[in-house]
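Student: Just dropping this structure here.
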Amino acid sequence: MKIREYDFKDEQQVIQYIAEFRVELSQLKSLDVKLDLVSAKEELHDYLRKEFPVFVASDAGTIVGYLISRVDEDVVWAESLFVAPVYRRKGIASKLHAKAESLARSLDGDTVYYWIHPNNDAIITFLRKQGYNVLNLIEIRGPWKGEVVSGKMHVGAHEFNY
Numbered sequence: 000m001k002i003r004e005y006d007f008k009d010e011q012q013v014i015q016y017i018a019e020f021r022v023e024l025s026q027l028k029s030l031d032v033k034l035d036l037v038s039a040k041e042e043l044h045d046y047l048r049k050e051f052p053v054f055v056a057s058d059a060g061t062i063v064g065y066l067i068s069r070v071d072e073d074v075v076w077a078e079s080l081f082v083a084p085v086y087r088r089k090g091i092a093s094k095l096h097a098k099a100e101s102l103a104r105s106l107d108g109d110t111v112y113y114w115i116h117p118n119n120d121a122i123i124t125f126l127r128k129q130g131y132n133v134l135n136l137i138e139i140r141g142p143w144k145g146e147v148v149s150g151k152m153h154v155g156a157h158e159f160n161y
């Protein structure tokens with residue numbers, strides 16, 4: 000297993016994985032979203048245009064996962080971390096995450112920041128195993144026009160629609 004920087008030859012597989020990642024995220028909110036390769040390609044090209052660090056995990060020449068980071072001054076944000084389902088639970092996400100932590104350290108940072116869905120148990124469990132257990136921010140917004148809220152979330156003494 001090798002973790003390396005993205006190369007243009009990785010484009011089609013990374014586009015596929017970005018699309019799959021977006022479907023999985025939508026499912027966390029019980030939304031039925033179809034695989035959208037066109038939007039995934041636009042998303043990848045937007046990351047590359049903005050010079051976001053993109054890393055891929057490669058196994059015998061096959062791309063099995065990716066990590067896209069955003070560097071904001073000396074802060075590293077993990078924009079998306081995805082491993083193909085058949086390769087999960089083999090340490091690949093840990094290696095990609097370690098690459099982001101290495102990037103943060105190279106900028107004299109202490110940690111990598113993640114925006115995550117509060118009901119994404121898989122990434123929460125993964126991050127806790129990495130020693131990540133400090134809740135940093137809560138994103139709050141008004142409802143979208145026509146949005147149907149499917150649940151509630153409690154943070155401290157506060158209840159929010161989710």
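Sequential numbering of the sequence shown, starting at 0, is according to numbering that gives the first Met the number 0. All residues carry an ideal CB built from backbone N, CA and C; glycine is no exception. These numbers were taken from a predicted model, which means no experiment stands behind them.
(1) Could you tell me if Y16 is buried or exposed, where buried requires 16 or more neighbouring beta carbons within 10 angstroms of its beta carbon?
(2) Could you please give the first and the last residue of the uninterrupted beta strand (DSSP E) stretch that includes L80?
(3) Which residue marks the beginning of the alpha helix (DSSP H) containing H96, and which one marks its end?
(4) What are the start and end residues of the beta strand (DSSP E) that includes D45?
(5) For F51, which residues of its own chain have a beta-carbon under 8 angstroms away from its beta-carbon, when the five flanking residues on both sides are left out?
(6) Could you tell me the boundaries of the alpha helix (DSSP H) in which F51 lies?
(7) Is the beta carbon of K98 sitting closer than 8 angstroms to the one on I14?
(8) Apply the 10 Å Cβ neighbour rule to V147 and answer buried if 16 or more other Cβ atoms are within range, or exposed otherwise.
(9) Report the residue from L30, Q26 and E19 whose alpha carbon sits nearest the alpha carbon of S38.
(10) In angstroms with no decimal places, state the Cα-to-Cα distance between H96 and L80.
(11) If I measure Cβ to Cβ from K151 and keep anything under 8 angstroms in the same chain, skipping five residues before and after, which residues do I get?
(12) With a threshold of 8 angstroms between beta carbons, is V85 in contact with chain D?
(13) Using a threshold of 8 angstroms, state whether the C-beta atoms of V22 and L34 are closer than that.
(14) Counting along the chain, where does the alpha helix (DSSP H) carrying I17 start and finish?
(15) DSSP puts F166 in a beta bridge; with which residues?
Tutor: Reading it off the structure:
(1) In the sequence shown, residue 16 corresponds to position 17, counting from 1. With 16 or more neighbouring CB atoms inside 10 Å of its own CB, Y16 falls in the buried class.
(2) Taking the first residue of the sequence shown as 1, we reach residue 80 at position 81. Under the DSSP assignment, L80 falls in the beta strand (DSSP E) whose first and last residues are V74 to V82.
(3) Along the sequence shown, one-based indexing puts residue 96 at 97. Note, H96: alpha helix (DSSP H), I91 to S105.
(4) Reading the sequence shown from its first residue, position 46 is the one you call residue 45. Run containing D45: none in the beta strand (DSSP E); it sits in the alpha helix (DSSP H), L36 to R48.
(5) Against the sequence shown, residue 51 aligns to sequence position 52. Closer than 8 angstroms at the Cβ level, and outside the excluded window around F51, lie I67, S68, R69, V70 and E78.
(6) As a first step, residue 51 must be located in the sequence shown, where it is residue number 52. Counting along the chain, F51 falls outside any alpha helix (DSSP H), and DSSP gives it neither H nor E.
(7) As a position in the sequence shown, residue 98 is number 99, starting the count at 1. As a position in the sequence shown, residue 14 is number 15, starting the count at 1. The answer is no: Cβ separation not under 8 angstroms.
(8) Counting from 1 along the sequence shown, the entry for residue 147 is found at position 148. Exposed is the call here.
(9) Locating residue 38 in the sequence shown gives position 39, where the first residue counts as 1. Its Cα nearest to that of S38, the residue E19 stands out among L30, Q26 and E19.
(10) Counted from its first residue, the sequence shown places residue 96 at position 97. Counted from its first residue, the sequence shown places residue 80 at position 81. For H96 and L80, the distance between alpha carbons rounds to 8 angstroms.
(11) Position 152 of the sequence shown, counted from the first residue, corresponds to residue 151. Closer than 8 angstroms at Cβ, skipping near neighbours: E158, F159, N160 and Y161.
(12) You won't find chain D in this structure, because it holds only one protein chain.
(13) As a first step, residue 22 is located in the sequence shown; it is residue number 23 there, counting from the start. As a first step, residue 34 is located in the sequence shown; it is residue number 35 there, counting from the start. Contact: yes.
(14) Within the sequence shown, the letter at position 18 stands for residue 17. Element bounds for I17: E10 to L27.
(15) Limits of the chain in this structure are 0 at one end and 161 at the other, which puts residue 166 out of reach.
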